[in-house]
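Residue numbers (mature numbering (1 follows the signal peptide of the UniProt record, and there is no 0)): -19 to -1, 1 to 100.
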């Protein structure tokens, strides 16, 4: 049986331009995040792998498993971003093309990850 993992992360952007860079674990949410910084999603000790051997170091493959929305699951989809996976496959960096909105929640969902490789 295939083990599929879906991860949902909520992010709340701060009006404070000096706010922290959002660094999220695979199971947490972040508040008071800067609207001008990359969004980092980290796995503490295991690799982030795609299903069926999909190479997530290829930017298009990685972006295809990321759902990025304004507010919540029903919000407007944000497509203007790039994503990369670190060489050790433990950190995803999401870089929005535009400054994010102040005092706004964002919804990020990662699909099609191998559950056996994540903790």
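Just so it is clear, CB atoms sit at the ideal spot from N, CA and C, and this is done for glycine as well.
In this text, all values refer to a predicted model and were calculated from it rather than measured experimentally.
Ignore the nearest five residues each way along the sequence and tell me which others in residue i's own chain have a CB closer than 7 Å to its CB.
i: residue 62; result: 49, 75, 76, 77 and 78
i: residue 56; result: 50 and 88
i: residue 40; result: 63, 64 and 65
By DSSP's criteria, residue i is part of a beta bridge. Which residues make up the other side?
i: residue 65; result: 74
i: residue 58; result: 50
i: residue 31; result: 94
Taking the beta strand (DSSP E) that residue i falls in, what are its first and last residues?
i: residue 43; result: Here residue 43 belongs to no beta strand (DSSP E); instead the alpha helix (DSSP H) covers 40 to 45.
i: residue 22; result: 20 to 23
Would residue i pass as a contact of residue j if the rule is Cβ separation under 7 Å?
i: residue 43; j: residue 64; result: yes
i: residue 72; j: residue 37; result: no
i: residue 91; j: residue 59; result: no
Going along the chain, which residues of its own chain have a beta-carbon closer than 6 Å to the beta-carbon of residue i, five neighbours each way excluded?
i: residue 53; result: 88
i: residue 35; result: 42
i: residue 19; result: 74 and 76
i: residue 68; result: none
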